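See structure below.
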Amino acid sequence: MTLNGAIAVAFIMIALAIAGPGPRGFAVLLVLAAGFAIVEVRGATWTALRRAAVVVVPLAAFMGFIWVGIVGRAPAEIAADVPGTRAAALIHVLSICLRLFFVVTVIQLAVLRFAHLTPLQFIRALALPVTAKRLLVLTLSLIETLRHAIDRAHIALIAAGTLTRRFSSRNVIHSWRLVQTVWLSAVTIALGRMRDKWPIENTLNLLERAVEGGNEKIFAGDDKIWLPVSLGAAVVILVADVFPGPS
Amino acid sequence: MARRELFSGLNFSGRSAAMLALLRDGSFARECFYIGPYAEAALSGLSATIADEIEIYRAKPASLGHTAFAPIDFAPLARREPQTLSGGEQVLLALHCFSLSSYAALGIDTALEQLDRANRDAALDYLDPRKDFAGNVALIDNRLPPPQVGWHTIDLPAGATDLDCDPRRVVADLARQIAPAIAVSDLGFRYARGRQIFQDVSLSLEGGNAYRLAGPNGAGKTTLLKLLVGVIAPSGGKLTLGGARYWPWRHGNRAIALATQNPDHQWCGATLADDLARRRSAFARHARVGSLAKGRLAKLAQLLGAPSLDAHLYELPLAARKRLSWLWPLAGALPWVMLDEPSIGQDVNTRSRLAAAIVRLTALGYGVLFVTHDDDFADRIPHRVLAIGDATIRMN
Amino acid sequence: MFTTPRLVVIALGAALNFSIGSIVYLVKLPIYLDSIGTILVALLLAPDRKAAFFCAWAAAWAGTAVSALVNPFLPWFAASDVAVAAISALVTIRATDIFRARPLRPVPFVAAVLVCGAITGVVAAIVSAPVVAYVFGGVTGSGSAFVVAFFLKTGEQLMNAVLLSGLAADPVDKVLQVLLAALLYRATPGELITVLRKA
Numbered sequence: 001m002t003l004n005g006a007i008a009v010a011f012i013m014i015a016l017a018i019a020g021p022g023p024r025g026f027a028v029l030l031v032l033a034a035g036f037a038i039v040e041v042r043g044a045t046w047t048a049l050r051r052a053a054v055v056v057v058p059l060a061a062f063m064g065f066i067w068v069g070i071v072g073r074a075p076a077e078i079a080a081d082v083p084g085t086r087a088a089a090l091i092h093v094l095s096i097c098l099r100l101f102f103v104v105t106v107i108q109l110a111v112l113r114f115a116h117l118t119p120l121q122f123i124r125a126l127a128l129p130v131t132a133k134r135l136l137v138l139t140l141s142l143i144e145t146l147r148h149a150i151d152r153a154h155i156a157l158i159a160a161g162t163l164t165r166r167f168s169s170r171n172v173i174h175s176w177r178l179v180q181t182v183w184l185s186a187v188t189i190a191l192g193r194m195r196d197k198w199p200i201e202n203t204l205n206l207l208e209r210a211v212e213g214g215n216e217k218i219f220a221g222d223d224k225i226w227l228p229v230s231l232g233a234a235v236v237i238l239v240a241d242v243f244p245g246p247s
Numbered sequence: 248m249a250r251r252e253l254f255s256g257l258n259f260s261g262r263s264a265a266m267l268a269l270l271r272d273g274s275f276a277r278e279c280f281y282i283g284p285y286a287e288a289a290l291s292g293l294s295a296t297i298a299d300e301i302e303i304y305r306a307k308p309a310s311l312g313h314t315a316f317a318p319i320d321f322a323p324l325a326r327r328e329p330q331t332l333s334g335g336e337q338v339l340l341a342l343h344c345f346s347l348s349s350y351a352a353l354g355i356d357t358a359l360e361q362l363d364r365a366n367r368d369a370a371l372d373y374l375d376p377r378k379d380f381a382g383n384v385a386l387i388d389n390r391l392p393p394p395q396v397g398w399h400t401i402d403l404p405a406g407a408t409d410l411d412c413d414p415r416r417v418v419a420d421l422a423r424q425i426a427p428a429i430a431v432s433d434l435g436f437r438y439a440r441g442r443q444i445f446q447d448v449s450l451s452l453e454g455g456n457a458y459r460l461a462g463p464n465g466a467g468k469t470t471l472l473k474l475l476v477g478v479i480a481p482s483g484g485k486l487t488l489g490g491a492r493y494w495p496w497r498h499g500n501r502a503i504a505l506a507t508q509n510p511d512h513q514w515c516g517a518t519l520a521d522d523l524a525r526r527r528s529a530f531a532r533h534a535r536v537g538s539l540a541k542g543r544l545a546k547l548a549q550l551l552g553a554p555s556l557d558a559h560l561y562e563l564p565l566a567a568r569k570r571l572s573w574l575w576p577l578a579g580a581l582p583w584v585m586l587d588e589p590s591i592g593q594d595v596n597t598r599s600r601l602a603a604a605i606v607r608l609t610a611l612g613y614g615v616l617f618v619t620h621d622d623d624f625a626d627r628i629p630h631r632v633l634a635i636g637d638a639t640i641r642m643n
Numbered sequence: 644m645f646t647t648p649r650l651v652v653i654a655l656g657a658a659l660n661f662s663i664g665s666i667v668y669l670v671k672l673p674i675y676l677d678s679i680g681t682i683l684v685a686l687l688l689a690p691d692r693k694a695a696f697f698c699a700w701a702a703a704w705a706g707t708a709v710s711a712l713v714n715p716f717l718p719w720f721a722a723s724d725v726a727v728a729a730i731s732a733l734v735t736i737r738a739t740d741i742f743r744a745r746p747l748r749p750v751p752f753v754a755a756v757l758v759c760g761a762i763t764g765v766v767a768a769i770v771s772a773p774v775v776a777y778v779f780g781g782v783t784g785s786g787s788a789f790v791v792a793f794f795l796k797t798g799e800q801l802m803n804a805v806l807l808s809g810l811a812a813d814p815v816d817k818v819l820q821v822l823l824a825a826l827l828y829r830a831t832p833g834e835l836i837t838v839l840r841k842a
């Protein structure tokens, strides 16, 4: 399976989840996702589920506190101007969170399928214009530059008494200086590269070669199975649940 | 015959510009690999992992007439971000990438100064014209005095003196200081989900002395610094300052003035005036800092080559920014001074003056901690070595 | 359009959007500022509004693309990114002379920040409301959920409650982001701006 195929299948599944299928449609969707996880991702599926839980469970708890604890009724009940129940609010929260959990899991599955790739290999495999690939490569590199700068500048600004380790009024007033220092140090590095290293080496030419040619065909291999299966499931779900027609 | 061009001269004599002009000269090379002087200048800026950095430069198809340069085995580090390597390791990575590439020429602007003795010797040996690599090399290195066998020296006369720098004059009129001893006992620290960095470490650092922090990358030098200035709290043990308990992670740093390896990481403002105003304000309660009037700081800044306090720091040359990063520590604001690779990129005169300034500081009673790979620079400063590694710190 | 200097600035803006969360975490502030890079890129491309819009949008896109693993909810707000980029390129960019004036003129500076931030915030609130209401059921995990809850308790429909909450919170958030972007723009070395203008 190609990376583009995995992303396309994930996109189809996410779009279907957001379309709001009914119980039957969601069951079909779950079977599709489970099949993808078992066949393509295998053991790493547990990692995907764990990561999704880390992201969604705290949000679910917060949502529950807001909807069940404070509001006490579901949106449909508010719209119908009826007193409503906390149970209905809880069902509302669970349905939203289940959908979000599914979406996050699917994203993780698609990426974990290709966890063996380095960032450069990952970007090379994407069906994107070369300019977009260059941009992603530059962004990933600069993120690391900024991370390193944040760590060093944070030490220096605490040493200089400008920031404190804990929350403080000084941090409220002066944390922008940390942002400024990090930004300016990164700009300085970038200017140096654009002025000297890249023109002398023609480094960007190397990058072009490194990100091009990763995908002669956008889809290949097992994509030819998964894409029709996903699209077929989409038709079933849309016809059966989203647009069921007259009963 | 392979060319080996060594550019010699003082800071601001135009060495960097002259070398860049040579590298752009088609007669020297069609394309050159370049390792510049600024932070992360060794890296391509196009990779998020070491594996990708090597991949970008690797010649395709592999057709090298010379052996690869690999003083470090980068294979186990493949998934690490290049920026997490030390400055010296980044330079070694760059040289490794160069040796795998199809570039036939190389330019290095002071980057080899970040290497320790063994790796420096290995790099210079690799570039020796009598050895394997047959391409052209241009080099600026303040620690390599001309003449050098096999190298053609291009000597540049001293440039403008308006950025002249003498750190000795900055400390000349400093008042005596009795820097309180910094002592740690049973100090322990572990990062969450990480290895134990320090375990049951006890030592005492006395004012009036200089200490050189030594240890491999990841040993704990930065962690020690973070503990001393209060960025992190130890998991065990205690810290005292002048015999009294000291909790910089709770109450803030009031002992150490720091100059970072990359000077651009330490500014508290876009101009020197902003930066110094911020520092003076933060330490206003300290009597000694209170005596650092704005006018006096401006004068000291001039002695380090600052054209004006209102000049935009990031628009000054790197060597000038590096010198100005010493201002706060050398101004005597705080009793202890920490300098991280202070001599990188500085010419022989400035390095010797800085070393003399540090010696003067210790003679006045200040405490000094420094990190350097420049053994010649360190040898000019009577010091003790703090060897950091294996979760402990040993004083030699 | 996307020359090398512009690509670098876009990547810087995207990296800043991504990294700002780390800074907020380190200084322990209860806020989240995820569009400073987008706004800053637009300012840096002044006075070319078309370039400012496309580059700012590209910065938002790149930042979201690399963030998707860490924050999988960000891609849902792609329309907000377009809105912020558009307002930055059409409105905020007009204040670049004020932002960079030396010496600083406090009153025009503050007024420009307030106006640009408020407009950006209002538009962002309107554009993001449907996503918050439909995809997240009104609650995204930020403190504005309490404002949503308040309006829901008073009987407002979900979409209205989300919109009103957004109109209350987003302008404040965007004023802060425009302020930070303006300060960073002010401090950026002239060499970078010159290089971008030559491109």
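Residue numbers (the numbering used here), protein chains in the order written: chain A, 1 to 247; chain B, 248 to 643; chain C, 644 to 842. For each residue, glycine too, the CB sits at the ideal point set by N, CA and C. From a predicted model like this one, the values you see are computed outputs, not experimental measurements.
CB contact check: residue i to chain A, cutoff 8 Å
i: residue 839 of chain C; result: no
i: residue 833 of chain C; result: no
i: residue 437 of chain B; result: no
i: residue 725 of chain B; result: With chain B covering 248 to 643 only, the question about residue 725 of chain B has no answer from this structure.
i: residue 820 of chain C; result: no
Chain-ordered chain B contacts of residue i [CB-CB under 9 Å]
i: residue 113 of chain A; result: Neighbours of residue 113 of chain A on chain B: none; closest Cβ ~18 Å, over 9 Å.
Coarse secondary structure for residue i, derived from DSSP in three states
i: residue 384 of chain B; result: strand
i: residue 458 of chain B; result: strand
i: residue 790 of chain C; result: helix
i: residue 618 of chain B; result: strand
i: residue 350 of chain B; result: coil
i: residue 644 of chain C; result: coil
i: residue 248 of chain B; result: coil
i: residue 475 of chain B; result: helix
i: residue 518 of chain B; result: strand
i: residue 247 of chain A; result: Confidence at residue 247 of chain A is low in this model, with a pLDDT of 48, below 50, so the placement of that residue is unreliable and no value is reported for it.
i: residue 11 of chain A; result: helix
Straight-line gap, residue i to residue j (C-alpha atoms, nearest Å)
i: residue 25 of chain A; j: residue 96 of chain A; result: 16 Å
i: residue 756 of chain C; j: residue 735 of chain C; result: 8 Å
i: residue 275 of chain B; j: residue 624 of chain B; result: 33 Å
i: residue 317 of chain B; j: residue 336 of chain B; result: 11 Å
i: residue 11 of chain A; j: residue 2 of chain A; result: 14 Å
i: residue 474 of chain B; j: residue 431 of chain B; result: 10 Å
i: residue 235 of chain B; j: residue 389 of chain B; result: A question about residue 235 of chain B goes unanswered here, because the residues of chain B that appear run from 248 up to 643.
i: residue 620 of chain B; j: residue 135 of chain A; result: 36 Å
i: residue 402 of chain B; j: residue 394 of chain B; result: 10 Å
i: residue 207 of chain A; j: residue 280 of chain B; result: 14 Å
i: residue 807 of chain C; j: residue 791 of chain C; result: 8 Å
i: residue 196 of chain A; j: residue 268 of chain B; result: 10 Å
Neighbour list for residue i in chain C, Cβ cutoff strictly below 8 Å
i: residue 62 of chain A; result: 782, 784 and 788
i: residue 512 of chain B; result: None at all; the shortest Cβ gap to chain C is about 14 Å.
Cross-chain neighbours of residue i in chain C, by beta carbon under 7 Å
i: residue 134 of chain A; result: 650
i: residue 120 of chain A; result: Correct list: empty, because the minimum Cβ distance to chain C is about 13 Å.
Residues that residue i contacts on chain A, provided the C-beta gap is smaller than 9 Å
i: residue 344 of chain B; result: None at all; the shortest Cβ gap to chain A is about 10 Å.
Interface flag, residue i vs chain B, CB-CB below 8 Å
i: residue 844 of chain C; result: Only positions 644 to 842 of chain C appear in this structure, which leaves residue 844 of chain C out of reach.
i: residue 116 of chain A; result: no
Contact set between residue i and chain A, taken where Cβ atoms lie within less than 8 Å
i: residue 476 of chain B; result: 155, 158 and 159
Contacts of residue i in chain B (Cβ-Cβ under 7 Å)
i: residue 830 of chain C; result: 517
Contact set between residue i and chain C, taken where Cβ atoms lie within less than 9 Å
i: residue 562 of chain B; result: 832, 833 and 834
i: residue 66 of chain A; result: 781, 782, 788, 789, 791, 792 and 795
Chain A residues whose Cβ lies nearer than 7 Å to that of residue i
i: residue 279 of chain B; result: 200 and 201
i: residue 360 of chain B; result: Here the premise fails: no neighbours, minimum Cβ distance about 17 Å.
Residue-chain proximity (residue i, chain F), Cβ-Cβ < 8 Å
i: residue 496 of chain B; result: Absent from the structure: chain F. Protein chains present are A, B and C.
Residues, ordered as in the chain, of the segment 77-111 of chain A that lie near chain B by beta-carbon distance below 8 Å: Under the 8 Å Cβ criterion, the segment 77-111 of chain A contributes no residue.
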